[in-house]
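Numbering (my numbering), first residue to last: 26 to 143.
Beta carbons: idealized from backbone N, C-alpha and C, even for Gly.
Predicted, not measured: the structure shown is a model, and the values here were computed from it.
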Amino acid sequence: MAFDTTVVADRHLLDGVARGDADALRALYQRHGTSIYALAFGMLVDPGDAEEVVSETFAHIWLTAARFVAATNQSVSDCLREIARSRAHGLLLAREWPGRSSAPSQHGPRITMIEEIG
């Protein structure tokens, strides 16, 4: 079922994600992906790392949406931003960790989690 992201409330979409609805996740991504990327890029100043944070944020929501539905009164956008900040902060800490290996080289096109579930 395709969702019109201008009409459907975020909370309804999150409920759909909790039920395993990939279209609901895709709609959340379309609605919030750019702002999550901007937040991550502002913290990391690296496009690849910012993309990684976006992917990890939406992957985390996909795996844990039911918990968010049951446990929070926070807005969905606030939850997404909180997850993204945490992921970006983790990358910043990893940059400072002595002996951290460089990121693995990528061969071929990068496939995002959103593309994989679609």
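Asked                                                                                                                                                                    : Found
In whole angstroms, what separates the C-alpha of Thr159 from that of Val78?                                                                                             : Nothing about residue 159 can be read from this structure; the chain reaches only from 26 to 143.
In the DSSP assignment, find the alpha helix (DSSP H) that holds Ser100 and state where it starts and stops.                                                             : From DSSP, Ser100 is part of no alpha helix (DSSP H); its letter is neither H nor E.
So which of Gly58, Ile86, Ala91 and His85 has the shortest CA-CA distance to Ala75?                                                                                      : Gly58
Check whether the Cβ atoms of Leu38 and Ala49 sit closer than 9 Å, and answer yes or no.                                                                                 : yes
Quick one: measure Cβ to Cβ for Ile61 and Ala109, integer angstroms, because I've assumed they're closer than 8 Å.                                                       : 5 Å
Restricting to Cα atoms, I'd like to know which of Val94, Leu118, Arg106 and Asp35 is closest to Leu64.                                                                  : Arg106
Excluding the five sequence neighbours on either side, which residues of its own chain have a C-beta within less than 7 Å of the C-beta of Val42, listed in chain order? : Ala49, Leu50, Leu53, Ile86, Trp87 and Ala90
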